[in-house]
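Data first, discussion second: the structure below is written as structure tokens.
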Amino acid sequence: MRSPLARSLPVAALVVMFATACGSGSSSSSQSGASPGAPQPLKVVATTTQVGDFARNVGGDKVVVHQILKPNVDPHDYEPSPADIQAIAEADVVVKNGVGLEKWLDQVITSAGFNGTIVDASQGVAIRQGDGSEEESAGDPHIWHNPLNAKIMVANIEKAFAAQDAADASAYQANLAAYDAKIDALDADITKKIDSIPADSRKLVTNHDAFGYYIDRYKLTFVGSIIPSFDTSAELSGKQIADLVAKIRSTGVTAIFSESSLPPKTAEAIGREAGVKVEAGEDSLYGDTLGPEGSAGASYLQMEEHNTDTIVTALKGSST
Numbered sequence: 025m026r027s028p029l030a031r032s033l034p035v036a037a038l039v040v041m042f043a044t045a046c047g048s049g050s051s052s053s054s055q056s057g058a059s060p061g062a063p064q065p066l067k068v069v070a071t072t073t074q075v076g077d078f079a080r081n082v083g084g085d086k087v088v089v090h091q092i093l094k095p096n097v098d099p100h101d102y103e104p105s106p107a108d109i110q111a112i113a114e115a116d117v118v119v120k121n122g123v124g125l126e127k128w129l130d131q132v133i134t135s136a137g138f139n140g141t142i143v144d145a146s147q148g149v150a151i152r153q154g155d156g157s158e159e160e161s162a163g164d165p166h167i168w169h170n171p172l173n174a175k176i177m178v179a180n181i182e183k184a185f186a187a188q189d190a191a192d193a194s195a196y197q198a199n200l201a202a203y204d205a206k207i208d209a210l211d212a213d214i215t216k217k218i219d220s221i222p223a224d225s226r227k228l229v230t231n232h233d234a235f236g237y238y239i240d241r242y243k244l245t246f247v248g249s250i251i252p253s254f255d256t257s258a259e260l261s262g263k264q265i266a267d268l269v270a271k272i273r274s275t276g277v278t279a280i281f282s283e284s285s286l287p288p289k290t291a292e293a294i295g296r297e298a299g300v301k302v303e304a305g306e307d308s309l310y311g312d313t314l315g316p317e318g319s320a321g322a323s324y325l326q327m328e329e330h331n332t333d334t335i336v337t338a339l340k341g342s343s344t
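Residue numbering for the sequence shown follows our numbering, beginning at 25 and increasing consecutively.
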């Protein structure tokens with residue numbers, strides 16, 4: 025799901041375009057509308073939709089956030105645009121998810137000459153390990169699907185903002201406390217809803233291995249995935265498809281869950297073969313990315329509520 029420009033231009037070429045563009049036009053601070061001498065908001069670049077949402081909640085009106093990845097864009101194979109490179113060059117703070125999700129970021133930071141603060145939001149999170157393959161060597165990057173991990177991520181962001189902008193440290197701390205309370209309420213709500221699912225029905229088949237932290241947190245059983253990898257670019261062999269269909273039938277799985285940012289075609293084919301319902305389209309899960317504004321997954325809190333309600337309803341629990 026790369027943009028046409030990103031697909032056609034390597035990072036080095038984008039850097040040249042960025043350098044040329046910087047010679048003309050005004051800086052972002054001069055376009056912000058702030059009067060000369062007024063306190064300037066912290067300029068933040070956030071890589072993913074999730075850390076972008078976290079940064080806005082922690083930063084409030086003290087920050088301006090440039091979010092690189094847009095809703096429903098797969099983060100695993102993204103390539104940056106000239107605007108992304110320029111935003112990083114001008115940023116005070118860059119916030120990343122970490123755990124190898126943004127493989128493209130290090131080269132862009134170097135090329136842009138960024139010398140500000142880099143926040144790895146995953147610091148302190150217990151990382152689920154992969155299968156030992158090269159693409160999974162860093163572990164499972166989908167850390168936000170456990171709300172307790174989300175609390176660690178926002179705490180890392182708050183610490184960096186307060187260090188960079190000490191004058192507004194109390195505002196960041198207050199924003200963090202308020203958002204932490206919302207995450208705690210989310211976690212309690214998810215627990216209650218998942219517990220309403222009959223014990224022998226708490227089994228998940230998903231589009232790819234994006235929900236391991238959620239499954240661990242809420243004690244679900246992972247039966248398998250359409251793409252058997254943390255990375256959506258991996259492919260499923262014919263034997264793996266046959267094995268997954270057999271496993272779905274033998275374990276009594278009643279639903280397959282597709283994802284909003286991935287085509288549902290293979291999931292639907294497996295569902296037909298196995299004779300089970302497939303949750304796709306607007307009813308699918310938000311795995312790698314938040315949804316667009318106005319959608320059921322427009323924010324982190326909304327995304328996790330929507331995912332839970334979708335799972336609970338399909339598995340005959342209570343979403344109320």
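Ideal placement from N, C-alpha and C gives every residue a C-beta, glycine not left out.
Every value quoted in this text rests on a predicted model; they were computed, and no experiment measured them.
By Cβ distance below 8 Å, which residues in the same chain neighbour Gly137 in space, the five residues on each side in sequence not counted?
-> Cβ neighbours of Gly137 beyond the five flanking positions: Ala113.
Reducing DSSP to helix, strand and coil, say where His90 ends up.
-> The three-state reading of DSSP puts His90 in strand, counting E and B together.
For Phe246, name the three-state secondary structure that DSSP assigns.
-> strand
Of all the options Lys183, Leu210, Asp219, which has the alpha carbon lying nearest to the alpha carbon of Gly341?
-> Asp219
In whole angstroms, what separates the C-alpha of Thr141 from that of Ala338?
-> 43 Å
Under the DSSP definition of a beta bridge, which residues are partnered with His166?
-> None; His166 has no bridge partner.
Among all the DSSP beta bridges, which residues are the ones paired with Leu354?
-> As displayed, the chain neither begins before 25 nor continues past 344, which places residue 354 out of reach and without an answer.
Quick one: what's got a C-beta closer than 8 Å to Gln55's C-beta in the same chain, skipping five residues either side?
-> Residue placement at Gln55 is poorly supported in this model, since its pLDDT is 39, which falls under 50; the coordinates still yield a value, given next. The beta carbon of Gln55 lies closer than 8 Å to none in the same chain, with the five residues before and after it left out.
Is the distance from the Cβ of Ile207 to the Cβ of Ala186 below 7 Å?
-> Their beta carbons are not under 7 Å apart, which means Ile207 does not touch Ala186 by this criterion.
Assuming Val300 and Thr278 make a contact with CB atoms under 8 Å, what is their CB distance in whole Å?
-> 6 Å
What's the C-alpha gap between Ala234 and Asp144?
-> 19 Å
Where does Gln326 fall in DSSP's three states?
-> helix
So Tyr324 packs on Asp85, CB below 8 Å; how close in whole Å?
-> Contact flag wrong, Cβ pair sits at about 19 Å.
In whole angstroms, what is the alpha-carbon distance linking Val89 and Leu125?
-> 19 Å
Roughly how many angstroms lie between the CA atoms of Pro287 and Asp189, to the nearest whole one?
-> 42 Å
Burial state of Lys243 (16 or more Cβ within 10 Å) = exposed
For Lys67, name the three-state secondary structure that DSSP assigns.
-> strand
Tell me whether Lys120 sits in a helix, a strand or coil according to DSSP, three-state version.
-> strand
In angstroms with no decimal places, state the Cα-to-Cα distance between Gly305 and Phe281.
-> 10 Å
Pull up the DSSP beta-bridge partners for Thr230, would you.
-> Ser249, Phe281
Thinking C-alpha only, which one of Val149, Ala179, Glu182 is nearest His166?
-> Val149
In the structure shown, what three-state DSSP assignment does Glu303 receive?
-> strand
Just tell me which of His100, Gln91, Asn96 has its CA closest to the CA of Ala107.
-> Looking at the Cα atoms, Gln91 is the closest of the given residues.
Please confirm whether any heavy atom of the ligand MN lies closer than 6 Å to the CB of Ala150.
-> The ligand MN is absent from the structure shown, which contains no ligands of any kind.
Using a threshold of 7 Å, state whether the C-beta atoms of Gln147 and Asn199 are closer than that.
-> no
CA-CA distance, Ser249 and Gly83?
-> 36 Å
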